[in-house]
Amino acid sequence: MASLRFGRLAAITLLAACGVASAQTPGDTLSRLKSTKTITLGVREAARPFSYLDENKRPVGYTVDLCLAAVDELKRELKLPELQVQFKVVSGADRIPKLLAREIDLECGSTTNTKARQAQVAFSYTMFVATMRVLTPKDLNVGSLRDLDGLPVALSKGTTSEKLFTKLAEGEVNLKLQTFPNNAEAYAALKAGKVRAFAQDDSLLQGLAFADGAADKYTLSTLALSVEPYGVMVRKDDPALLASVDRTLARLYTSGEIDALYRKWFDTERLRIRMSRMTRDGFVRPNKEPGVAMVLGYQL
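Residue numbers -23 to -1, 1 to 277, in mature numbering (1 follows the signal peptide of the UniProt record, and there is no 0), belong to the letters of the sequence shown in order.
(1) Would you call the stretch 52 to 61 in contact with the stretch 117 to 126, where contact means no fewer than 3 C-beta pairs closer than 8 Å?
(2) In three-state terms, what does DSSP make of residue 95?
(3) Classify residue 270: buried if its beta carbon has 16 or more other beta carbons within 10 angstroms, exposed otherwise.
(4) Name the residue from 31, 62, 253 and 113 whose alpha carbon lies nearest to the alpha carbon of residue 193.
(5) In terms of residue numbering, what span does the beta strand (DSSP E) encompassing residue 8 cover?
(6) Are there 16 or more other CB atoms within 10 angstroms of the CB of residue 32, so buried, or fewer, so exposed?
(7) Just to confirm the assignment, what range does the beta strand (DSSP E) spanning residue 239 have?
(8) Could you have a look at residue 186 and say whether DSSP puts it in helix, strand or coil?
(9) On the criterion of 16 or more Cβ atoms from any shown chain inside 10 Å, does residue 106 qualify as buried, or is it exposed?
(10) How many angstroms separate the CA atom of residue 63 from the CA atom of residue 10?
(11) How many angstroms separate the CA atom of residue 203 from the CA atom of residue 110?
(12) Is it right to say residue 26 is buried, meaning 16 or more other beta carbons lie within 10 angstroms of its own, or is it exposed?
(13) For the stretch 128 to 137 and the stretch 152 to 159, state whether three or more C-beta atom pairs, one from each stretch, are separated by less than 8 Å.
(14) What residue ranges within the stretch 81 to 147 form continuous beta strand (DSSP E) runs of no fewer than 3 residues, ordered along the chain?
(15) Which runs of the alpha helix (DSSP H), 4 residues or longer, sit entirely within the stretch 195 to 269?
(16) Is it the case that the Cβ atoms of residue 268 and residue 143 are separated by a distance below 7 Å?
(17) How would you write the range of the alpha helix (DSSP H) that residue 168 sits in, first residue to last?
(18) Let me know if residue 101 comes out buried or exposed under the rule of 16 or more other beta-carbons within 10 Å of its beta-carbon.
(19) Give me the Cα-Cα distance between residue 14 and residue 42, rounded to the nearest whole angstrom.
(20) In whole angstroms, what separates the C-alpha of residue 22 from that of residue 28?
(21) Hey, residue 7 and residue 218 are a contact pair by Cβ (cut 8 Å); roughly how many whole angstroms apart?
(22) Kindly list the residues whose CB is nearer than 8 Å to the CB of residue 263, restricted to its own chain and excluding five residues on each side of it in sequence; keep chain order.
(23) Bridge partners for residue 178 per DSSP, in chain order?
(24) For residue 19 and residue 86, which I take to be in contact (beta-carbon distance under 8 Å), what is that distance rounded to the nearest angstrom?
(25) Using the Cα positions of residue 176 and residue 17, report the straight-line distance between them to the nearest angstrom.
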């Protein structure tokens, strides 16, 4: 998809993780884009293959490409070919606060659409569906929560896995939870033997292990704890911006362009993640259904 290449962008600036929010009134993002000719995308540092910084510190990934396609759509709709893109790195813990503070306009990461988050932000059509699992060394097989009893488990701050496992620890399972600032540090703790398991979405766990060249050293649990539908986050008071993103995704789904984009990021020499039935269904019938914690029996 040539329109997604960085060469098409008039300017790309990677911003520091902290910054000053743009002064604007609620809901006027499109007007501001026309005035400033700049849109800011929130990206992740290490959420492979959805949103991460490559060896040149450039934001790349499946969700980043989708957001850049949405920017191209905005250029056409607003008759603003000179619209420039800036990037700001966000974390699991600060992605929603930075969106609400108007430091970013779109959050382009690996964020699960949940009922709780819908109270604060809006989500685009689902663009990927993951399941929460546990990554462990090969010598540890997790088929039930009881297999984790008494073991140290790594969590990443501000994620659905942190929320779910904190809830599970209040029950009958003896979970020794350790929360880390981000996925990279949680994975490093697993590698160092400081924890025996890392709970996170299966696609993100696979991305970490494959990028590290250590996929043969770890295994994913057969136990699936939740369904995690990903979407692009937009402020609730930006319905026009959200509608433009949704139109972009609907076009990619209907035209079949999404298949080539999926293969680009999920069917490579270093990483192979087969398209799930739920992800395919999201392309055929675009929806915004929130995630479900299967082990608890209610929406996330």
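Beta carbons are placed, not taken as given, at the ideal position from N, Cα and C, and that holds for glycine.
On the basis of the coordinates in this document:
(1) no
(2) helix
(3) buried
(4) 113
(5) Premise fails: residue 8 lies in the alpha helix (DSSP H), 6 to 13, not in any beta strand (DSSP E).
(6) exposed
(7) Unbroken run through residue 239 is the alpha helix (DSSP H), 234 to 243; no beta strand (DSSP E).
(8) helix
(9) buried
(10) 12 Å
(11) 8 Å
(12) buried
(13) yes
(14) 98 to 100, 105 to 114 and 129 to 133
(15) 216 to 232, 234 to 243 and 254 to 261
(16) no
(17) 160 to 168
(18) buried
(19) 20 Å
(20) 7 Å
(21) 6 Å
(22) 102, 103, 223, 226, 227 and 230
(23) 109
(24) 7 Å
(25) 30 Å
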